[in-house]
Each structure stands twice: as C-alpha cells, then as structure tokens.
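J.: One structure is given below, represented as structure tokens, and several questions about it will come after.
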Amino acid sequence: MTFRLLEDRIAVVADEISETTVSGIIVPESGQEILRYGTVALVGVGRRSEQSGELVPIDISEGDRVFFHRASGQPMEIEGMEYVVLAPREVIGVET
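Residues in the sequence shown are numbered from 1 upward in steps of one, following the working numbering.
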C-alpha cells in the first residue's frame, strides 16, 4: 500500500516520551515536558491559495527535526509505523 498526505499535512516520527527518570522514578503526565520533538517523515504537497489558486508549498521538509505541543496532531499508524500527523501551524519550530 502506498500512502500520501493531502494538502499541507506532515507526518512526524515523534521521540519517545520518558515516563521514568534515570533513577526509575515514574513521572506523571502533568510533570512531563509540554513540548515533543520528532523527525518529519512524510510531507504533503501544500495547500492551494484561496486568492490565486496556486499551490503554496510547505516550509517544512522530510528529515527536519521539529517540536510541537504534546496535545497537537493526530496519532496514526501508517504501514506499521507510528506517526503524529500535524498541520504546519501546529509545529512550533524547526531545529537548525
């Protein structure tokens, strides 16, 4: 099965959230970091401009490291891999 994202969506392989400290203490969700990090794996083609109808490309590329709020996006399994599917406006920043 092949899969492509529509419009301006991106699929991110999110880094694991550590639920325990190095010493083994369990950290409740309220104490975990608010931001998550991940690597962009799939990118849609972009969105059409409402004024001109031209395709507006996404400013995020495959392989970029991005960070986003932990409540953002939609978790999804695509071809056996776990992703978080996001709109570009849900991405807070790109690592440079």
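Backbone N, C-alpha and C fix where the C-beta goes; we use that ideal spot for every residue, glycine too. Predicted model, so just to flag it, every value in this text is computed and none were measured.
(1) Which of the three DSSP states is assigned to Arg9 in this structure?
(2) From Val91 to Ser49, what does the alpha carbon distance come to, in whole angstroms?
(3) Mind checking who Val94 pairs with in its DSSP beta bridge?
(4) Closest to Glu79 by CA distance: which of Ala11, Glu7 and Leu6 is it?
(5) Please determine, among Asp8, Ala87 and Phe3, the residue with the shortest C-alpha to C-alpha distance to Phe67.
(6) Can you tell me whether Ile58 is buried or exposed, with buried defined as 16 or more other CB within 10 angstroms of its CB?
(7) Would Val13 and Glu95 be called neighbours here (beta carbons separated by less than 9 Å)?
(8) Figure out for me which residue from Val85, Glu77 and Gln51 has the closest Cα to the Cα of Leu5.
(9) Whose CA, out of Glu54, Gln74 and Val40, lies closest to the CA of Gly46?
(10) Can you look up Pro75 in the DSSP assignment and give me helix, strand or coil?
T.: Here's the rundown:
(1) Arg9 falls in the coil class under three-state DSSP.
(2) Rounded to whole angstroms, Val91 to Ser49 spans 20 Å at the Cα level.
(3) Beta-bridge pairing links Val94 to Val66.
(4) Considering only alpha carbons, the answer is Ala11.
(5) Of Asp8, Ala87 and Phe3, the residue nearest in Cα terms is Ala87.
(6) If you draw a 10 Å sphere on the C-beta of Ile58, you find 16 or more other C-beta atoms in it, and that means buried.
(7) Taking a C-beta distance under 9 Å as the contact criterion, Val13 and Glu95 do not qualify as a contact pair.
(8) Nearest Cα to Leu5 within the set Val85, Glu77 and Gln51: Val85.
(9) Among Glu54, Gln74 and Val40, the Cα nearest to that of Gly46 is on Glu54.
(10) Pro75 sits in a strand when the DSSP states are folded into three classes.
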